[in-house]
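Heads up: the structure comes next, in structure tokens.
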Amino acid sequence: MIRAFVAIPLPDSLLPACRAAARVAISGRKVPEENLHLTLVFLGTQETRRLEDLAEALEVLRPPPVTVHLTGLDVLAGFKLSRHLVATVEPEKGLLQLQEAVERAARRVDIALERRRFRPHVTVVRDCIDPTLPPWTAVPEASALSFSLFRTTLKKHGAEYDALATYPLPGAPDH
Ligand code: 2AM
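Residues in the sequence shown are numbered from 622 upward in steps of one, following the working numbering.
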């Protein structure tokens, strides 16, 4: 059984904005920079076979171009009483289309999904005390180059992510 999710890795040019955002929190666990991502669909724990089927379905999906535009900071409720500091992401058309297509692909291979409204965001600090949110300094948007099916392994020091499969998005070099 594998715990998995589908996400867009944070485009490199948005790293400085997320780095600055993480400084706002005075407590909590910063998400390591290489782990920053925009979750499209959380899959929970699944049989390897199901994930292989999903990986194949994602291979033939014709994704739209996706722009990642960070629009501000927010604090979202996590599990139990935890709070996460996040950079909010504009729900632009391509992003919503991709998210819906991945969700459909997951349901087609019989993965039962949580019924939660998609609120696009990049978590930058987990389990923090509510910070005072400063005014947001606008950052340029960036094209997403790819999305991936990730395996997550829970370790003492936090989660480790491995990309099991990566899919290019239109506009990426060599696409
Ligand atoms: P996040 O996107 O708000 O940070 C891997 O665990 C990713 O899936 C995380 O980025 C996490 O939240 C997201 N996720 C969504 N729902 C989840 C859930 N019920 N349990 C764990 N992670 C979840």
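Every residue, glycine too, gets a C-beta built ideally from N, C-alpha and C.
Identity of the residue in the options nearest residue i by Cα
i, options, result
"A642", "S764, R772, R747", "R747"
"D654", "Y782, V710, P791, P794", "Reading off the sequence, residue 654 comes out as Glu, not Asp. Of the candidates Y782, V710, P791, P794, the one whose C-alpha sits nearest the C-alpha of E654 is Y782."
"L719", "I732, T709, P741", "P741"
"I623", "E673, K651, R738, R644", "E673"
"T787", "R644, G779, A765, K776", "A765"
"R650", "P794, H778, P789", "H778"
Other residues of its chain near residue i: CB distance less than 6 Å, five sequence neighbours each side excluded
i, result
"I750", "S648"
"E711", "H690, T692"
"D695", "V707, T709"
"A638", "L691, V760"
"A722", "L682"
Within 8 Å, strictly: CB atoms of residue i and residue j
i, j, result
"L682", "A726", "yes"
"L716", "V687", "yes"
"L785", "F768", "no"
"T666", "H705", "no"
"F626", "T774", "no"
"P791", "P684", "yes"
"H658", "P632", "no"
"A763", "L635", "yes"
Interface flag, residue i vs chain B, CB-CB below 8 Å
i, result
"C749", "Of the chains in the structure shown, none is chain B; there is only one protein chain."
Sequence-distant residues of its chain with Cβ nearer than 7 Å to residue i (five each side left out)
i, result
"L734", "V662, E724, A727, R728"
"T660", "F626, A628"
"L675", "A726, A727, V730, I732, L770"
"A793", "L766, S767"
"E668", "M622"
Own chain partners of residue i with C-beta closer than 8 Å, once the 5 adjacent residues on each side are dropped
i, result
"R671", "V730, D731, I732"
Minimum length 4: unbroken alpha helix (DSSP H) runs contained in the stretch 633–708: 636–643, 669–680
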